Amino acid sequence: MPPMMGMRRHPSLNKQKVDMKKNVGLLIKSFKRYYAQIILSFLCIAISVVLSILAPQYLSDLTNEITQNAGLKAIHMDKILRISIILITFYVSNAILTFISGFVMNTMTQKYCKDLRNDVTAKINRMKLKYFDNHVYGDTLSIITNDIDQIAQSMQQSITMLFQSILMLVGVFIAMFATSWQMALAALAAIPVVMIILMFIMKIALPLFAKRQQEV
5 MPPMMGMRRH PSLNKQKVDM KKNVGLLIKS FKRYYAQIIL SFLCIAISVV LSILAPQYLS
65 DLTNEITQNA GLKAIHMDKI LRISIILITF YVSNAILTFI SGFVMNTMTQ KYCKDLRNDV
125 TAKINRMKLK YFDNHVYGDT LSIITNDIDQ IAQSMQQSIT MLFQSILMLV GVFIAMFATS
185 WQMALAALAA IPVVMIILMF IMKIALPLFA KRQQEV
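Note that my numbering has the sequence shown beginning at 5, numbered continuously upward.
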């Protein structure tokens with residue numbers, strides 16, 4: 005008699021070793037038809053990050069121009085107008101690029117998940133009945149719902165934020181070295197400490213995430 009839905013996963017499933025590298029490779033290959041959208045989204049993010057890094061420098065120039073020359077009543081309005089136009093262009097472009105990136109990524113993600121669910125459904129329809137006798141119904145439903153939803157959530161948020169954070173980190177350090185190499189070195193010295201703390205947190209958190217995923 006087949007196991008009932010909601011029961012604990014089949015023991016053989018808990019003993020299976022997950023080949024993370026192979027699964028990630030297969031997942032990346034499944035994005036093949038959406039590479040153009042992903043590249044477009046990442047390109048918008050890259051330009052947006054560059055604008056976000058450049059904008060504070062122009063804002064600093066604008067502030068200096070006003071504060072240094074206000075007392076002398078020698079403010080160059082044409083320079084202030086030029087910098088203001090550049091700043092407005094940066095901020096508007098940043099907002100537009102962020103919207104385009106999010107729209108493209110969200111649209112692509114929904115289409116990808118739809119195709120993935122169709123592929124999983126077609127695969128299930130080809131499976132022999134013996135498969136359902138040896139596997140918990142909840143496991144199959146979890147693959148179709150929770151697992152695919154987690155992939156969609158990761159693509160919409162985690163991957164985009166990770167790419168944006170890496171670019172922002174690199175860009176900020178370049179700007180810091182261009183402004184003050186002493187300050188940049190001081191910030192770099194703190195990175196190993198942060199990495200050790202993150203590794204300690206991940207060492208504790210990952211087993212809990214895996215346990216929760218098995219219980220879903």
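C-beta atoms are modelled at their ideal positions from N, C-alpha and C, and glycine is treated no differently. Since the model is a prediction, treat every value here as computed from it, not as a measurement.
Candidates the options: closest to residue i by CA position
i, options, result
"Ser88", "Ile128, Ile42, Tyr62", "Tyr62"
"Ile43", "Leu120, Phe181, Ser105", "Ser105"
"Gln154", "Ile200, Arg121, Lys127, Asn138", "Arg121"
"Ile92", "Leu58, Val174, Tyr116", "Leu58"
"Ile84", "Val176, Leu173, Asn68, Phe94", "Asn68"
Other residues of its chain near residue i: CB distance less than 7 Å, five sequence neighbours each side excluded
i, result
"Asn102", "According to the sequence shown, residue 102 is Thr rather than Asn. So the qualifying residues of the chain are Ser52."
"Pro15", "Because Pro15 carries a pLDDT of 41, less than 50, the predicted location of this residue cannot be relied on, and the following value inherits that uncertainty. Counting only Cβ-Cβ distances below 7 Å, and skipping sequence neighbours, we find nothing."
Extent of the continuous alpha helix (DSSP H) to which residue i belongs
i, result
"Val96", "81-130"
"Val3", "Since the displayed the chain opens at 5 and closes at 220, residue 3 lies outside it and no answer follows."
"Ile152", "152-157"
"Lys36", "Segment: none, Lys36 is in no alpha helix (DSSP H) and carries neither H nor E."
8 Å contact criterion, which residue i and residue j should meet: CB distance rounded
i, j, result
"Ser97", "Leu47", "In fact, because the Cβ distance is near 13 Å, the residues do not count as touching under 8 Å."
"Tyr38", "Met112", "5 Å"
"Val108", "Ser45", "5 Å"
"Ile128", "Thr144", "7 Å"
"Gln160", "Asn110", "6 Å"
"Gln168", "Ile49", "5 Å"
Spatial neighbours of residue i in its chain, beta-carbon cut-off 6 Å, leaving aside the 5 residues before and after
i, result
"Met199", "none"
"Phe181", "Ala188"
"Met172", "Val53"
"Ala156", "Thr113, Cys117"
Same chain, Cβ closer than 8 Å to residue i, neighbours up to 5 away in sequence not counted
i, result
"Val124", "Ile147, Ile148, Ile152"
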